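Note sheet for the following structure.
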Amino acid sequence: MNNLDSAVRPSSTGLVGRDGDLAFIDSFFGNSEVQGAALLLSGEAGVGKTAVLDAVAAGAARDGVRVLRAAGVQFEADISYAGLNQLLVPLFDDFDILDDVHRDALRVAVGIGSGPPPDRLLTSTAALLLLRLTSVRTPLLIVVDDLPWLDRSTNAVLGFVARRLVGSRIGFLAASRAGSDSFFEPSGLTARRLEPLDDTSSAELLARAHPDVSPAVRRRIVAEARGNPLALVELPVALSSEQRTTLAAVPAVLPLSERLQAMFASRVASLPGPSREMLLIAALDGTGDLVTVEAATAGRAGVDDLVPAEQNRLVTVSADNRRLSFRHPLIGSAVVDMATASERRKAHQALAGVLGDQLERRAWHLGEAAAGPDETVAALLEEAARRRLRRGDALGAVAALTRAAGLSPEAADESRRLAEAAYVGVDSGGELEDATRLLAGARMVHPATGHESLHAAAASAFLLINRDGDIDTAYRLLVGAIEAGQHGYDASDAALIEALHLLVLLCWYGGDATLWQPLIAFVERLTPEPPELLWVIIKTFGDPARTGPGALPRLTKLIDSLGDDPTQVVRVGTASVFPDRLGDFRWATRRLVEQGRAGTAPVRRHLGALMHLGLDYFHLGRWDDAAELAAEGLRLCEDHDYRFFAWYFQYIQAAVAGVRGDGESSAALTEEIVRWATPRGTHGARFFACHARTLAALGSGDFETAYQHGSALSPPGTVAPYVPIAMWGTMDLVEAAVRTGRDKEAAAHATAVRSTEMAALSPRLKLLVLACEALTTPGEAAVPVFERALSLPGPERRPFDVARVRLFHGERLRRLRATAEAREQLTLALEVFQRLGAKPWVTRTAAELRASGQSAPAAARPGTVALTAQELQIATLAATGLTNKQIAERLFLSHRTIGTHLYQIYPKLGITSRAALRDALSRLDGTDPV
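Next up, the structure:
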């Protein structure tokens, strides 16, 4: 390896998203087969070329490499050898190591000697000799920025030098803007293009540079910057403090800082007036539709006026599909910034005039063109907001409502629209700080409307539960607002129906049957009749064990007619959780998750889809997927400050950990849920924690603890009303009661379960009902009940529950001495438990098989575990005591990936914690990784 190897190591550079580029440069100069090398970097303006050069130069200097730097300067481009002078200044005192001819030629060239102008070949040779002789003592790294702006003579010398470095201790690294003309001849030299940052790195850089910018505004900036680091750092500079935290306040075209304006201003300013007007219309239109742009400029400018902009590389025009696109979004921003306010209003007015058949776009342009209050335009914007909300654009709806409020002549209308914007913000948008500001604005503008409107009350209730308030206070606030409202219980009143949907959730979170009575009374008063979806949710989500089956036909119709509306998808999902119908429209939920990841769906809806898909996957036995979705949901809660919903994802994680035998993790997660939920009165969350704790205790064989937790969820002999998860715990409680000798309590609970409508809700719940009956039926009479349970259709949709029932059946058959039949059921159960990674149940089932006289399959015995090569590497490092983060750094993976692998490794090794890794690995007995 040559002496330049250490010059470009990327350690501690602080650059974001450039690890791959720095690693490439490190590898290039560190190639032991090459002594002396030249590399040319290129990239768009602002992509970070200078930052990469600085990082490389700093690394070289730290490691004892002498760095010579030069940068092209426009006003020196016509001065011969000005760049060479800049580069060689540190070596002026070393010119005497050259012979007289080369020394004098070089001194004259760089302007520190007198004499006739030297021959260019002589000057180039002198520079090369000076560099080579100097590098004998100390390795050199030549770093040149803005290569195209160097004078022609210097470019010629550098091109000469760069091709003659082989065998030397000299590295040459230069950067230039992509597509720029230069006198430097690059042919034959290695080149690398610096690409824009990816979305993850862009978000990280923006968060580091401007931590005060809200997540929604960050996403907007990331989208506009397209990975350009300079834009990411500079765009927030031009935003006001309100715009930095409130997406609705950010203009449609982002303003530019002075530094960003300088990148494009001269090129835009030099264009003819008609060309600038065409570009302004195109920038404000934002669609790239040339037909619209031409229509808006008819009689004043035409497509031919775009030729100067094309020649200046500002836009591209496609003749095939009549599209116009800016080469970078910031060019459009520069065009808008350079226009006067009057020019911008006229452009918006012109666009509105040609968009008569497109209400949303026309309303928006009319709003931007308005110079003062205008109720007609405000009403159009309010309707546009409703349309945006229906297709899932919650933040767009907030922006439209906020603009409508600003144009409202009457204070009451302004307050009402701000309150609705606040509600949409908390219910869908994911910007709680923005919603808080809007709600405060509504109350300030018109205190009566701002305090009494249902949208204001709903927004306040939501903000209350998400902060430090409690369910009871939020519940009383919303119930009081509904009772005092002037809505006349009109089922077409959108604000009333939204308030009732939120009240459903507050009742459910409260976990108290008495909370539901006012809600049910409100819904019964709706005229002419309650909305279908609201009615179904109350029946299937409140107390489904008693009221759910009657709503199933109407739920089926809702599922069959499901469209693209994210709110509808999530609310139908809410109605489908306890009837086990989430799988019937899994495609819609998956699509919503993908839209959320792409930033095209409201955050609240994204969270709801993750919740439902996570539950669906848990029951399907896709536990890895369920855990990953839960982790994604927790990150989303943290990123958007939706603290209230974290417990839901912690429950999924706790349930997965419990059934896989990781009791320690499950206990920690449920303890966190209970500690958070109890003081807030969120008993619904506490009941979910009880369910996860029951599963974990059953897995560990602590049946007494399982009984206590199961009883806390629903007392024996009663399926707790309006605690729908009590249905999921019925079989758990009966099993715990039987295994602790509480036969009377077990029988009472089985009877209570049969007296409900659970069995009519879904095949899975019918399986639980029959299992409870079979477990409490003595002797051989239980066998046909088990058989009925196991003959229900679709066992693949509930593999863990079915396998548990097979284990119960096998245990009963073995005790009845039906050994062959017992082995069949136990073998089938063991196969499922092994596939799922349900280690405690694998152990228990294997023991039953051995008791029946049959050896457990090899996969169920210790010593036959097969880990992949990567799993073995991760497990070995974890066994040494390294943290997930330390392992991730060594293997160039994310710490979440390490955690996921360990989650899969534990059940394979038959352990439940990190502390057991060392012993488990030692028991592998040299098993080869696969």
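If you use this note's numbering, the sequence shown corresponds to residues -7 to 922, in order.
The C-beta atom is built at its ideal place from N, Cα and C for all residues, glycine as well.
Nothing here was measured: the structure is a model prediction, and the numbers come from that model.
CB-CB under 6 Å to residue i, same chain, minus the five flanking residues each way: which ones, in chain order?
i, result
"Ser36", "Strictly speaking, residue 36 in this sequence is Glu, with Ser absent from that position. Same-chain partners within the cutoff: Ala170."
"Gly673", "Asp462, Ile463, Asp464"
"Ala728", "Phe695, Ala698, Tyr699, Gly702"
"Pro982", "Because the chain in this structure spans residues -7 to 922, residue 982 falls outside the shown range and cannot be described."
"Ala751", "Lys758, Val761"
"Leu343", "Asp277, Ala288, His357"
"Glu196", "Val8"
"Leu272", "Val327, Ala331, Ala339"
Using the Cβ count rule (16 or more neighbours within 10 Å means buried), how would you classify residue i?
i, result
"Asn147", "buried"
"Asn313", "exposed"
"Met(-7)", "Residue placement at Met(-7) is flagged as unreliable, the pLDDT there being 33, under the threshold of 50; a coordinate-derived value is accordingly withheld."
"Gln587", "buried"
"Ile529", "buried"
"Ile104", "exposed"
"Val299", "exposed"
"Trp579", "exposed"
"Ser24", "Low per-residue confidence applies at Ser24: pLDDT is 41, beneath 50, and the placement is therefore not dependable, though the value from the model is reported in the following sentence. With fewer than 16 Cβ atoms within 10 Å of its Cβ, Ser24 is classed as exposed."
"Gln253", "buried"
"Ala907", "exposed"
"Val285", "buried"
"Leu525", "buried"
"Ser233", "exposed"
I'd like to confirm the pairing. Which residues does DSSP put opposite residue i in its beta bridges?
i, result
"Ala208", "According to DSSP, which records beta bridges pairwise, Ala208 is partnered with nothing at all."
"Val136", "Ala62, Ala166"
"Gly35", "Arg169"
"Thr924", "With the chain represented from -7 up to 922, any question about residue 924 goes unanswered, as that position is not in the structure."
"Val307", "Phe318"
"Arg806", "Looking at the DSSP assignment, Arg806 forms no beta bridge with any residue, so it has no partner."
"Thr182", "Leu31"
"Asp281", "Arg315"
List the whole-angstrom C-beta distance separating residue i from residue j, where the pair is believed to meet the contact cut-off of C-beta under 8 Å.
i, j, result
"Lys531", "Ala513", "Between Ala513 and Lys531 the Cβ distance is about 15 Å, and since that is not below 8 Å, they are no contact."
"Leu913", "Ala880", "So it is not a contact: roughly 20 Å between Cβ atoms."
"Val81", "Ser116", "The Cβ separation is near 18 Å, so there is no contact."
"Gly324", "Ala275", "4 Å"
"Ala619", "Gln645", "6 Å"
"Val229", "Met330", "Not really, about 17 Å apart at Cβ, beyond 8 Å."
"Arg756", "Arg790", "4 Å"
"Met719", "Phe570", "7 Å"
"Ala744", "Val797", "With 8 Å as the limit, Ala744 and Val797 do not qualify as a contact, their Cβ atoms being about 19 Å apart."
"Asp557", "Gly384", "7 Å"
For residue i, I'd like the list of residues in its chain whose CB is within less than 7 Å of its CB, leaving aside the five on either flank, ordered along the chain.
i, result
"Tyr467", "Leu498, Gly502, Leu507"
"Gln78", "Ala62"
"Leu83", "Leu122, Thr126"
"Tyr643", "Ile665, Phe680, Ala681, Ala684"
"Pro266", "Arg292, Ala293, Asp297"
"Gly540", "Lys531, Thr532, Phe570, Pro571, Glu749, Leu753"
Within its chain, find whatever has a CB closer than 8 Å to the CB of residue i; leave out the 5 residues flanking it on each side and keep chain order.
i, result
"Asp190", "Gly9, Gly219"
"Trp356", "Ala244, Leu373, Ala376, Ala392, Arg395"
"Asp85", "none"
"Leu121", "Leu90, His94"
"Ile866", "Ile879, Leu883, Ile890, His893, Leu894, Ile897"
"Leu7", "Leu14, Gly40, Ala43, Val44, Ala47"
"Glu490", "Tyr415, Asp419, Leu446, His447, Ala450"
"Leu554", "Gln560, Val561, Val564, Phe577, Ala580"
"Asp88", "Arg95"
"Ala453", "Ala466, Tyr467, Leu469, Leu470, Leu494, Leu498"
Verify the contact flag: residue i, CB atom, against every heavy atom of the ligand ATP, threshold strictly below 7 Å.
i, result
"Leu762", "Of ligands this structure carries none, so the ligand ATP is not represented either."
Problem - Minimum length 4: unbroken alpha helix (DSSP H) runs contained in the stretch 553 to 606 - result: 558 to 568, 578 to 589
Exercise for the section: Report the residue ranges of all beta strand (DSSP E) runs contained in full by the stretch 86 to 137; include only those spanning at least 3 residues, in chain order. Expected result: 132 to 137
Handout entry: Complete runs of the beta strand (DSSP E) confined to the stretch 732 to 762 [at least 3 residues]
Key = none
Practice task
Please go through the stretch 331 to 416 and give each complete beta strand (DSSP E) segment of 3 or more residues, from N-terminal end onward.
Solution key: none
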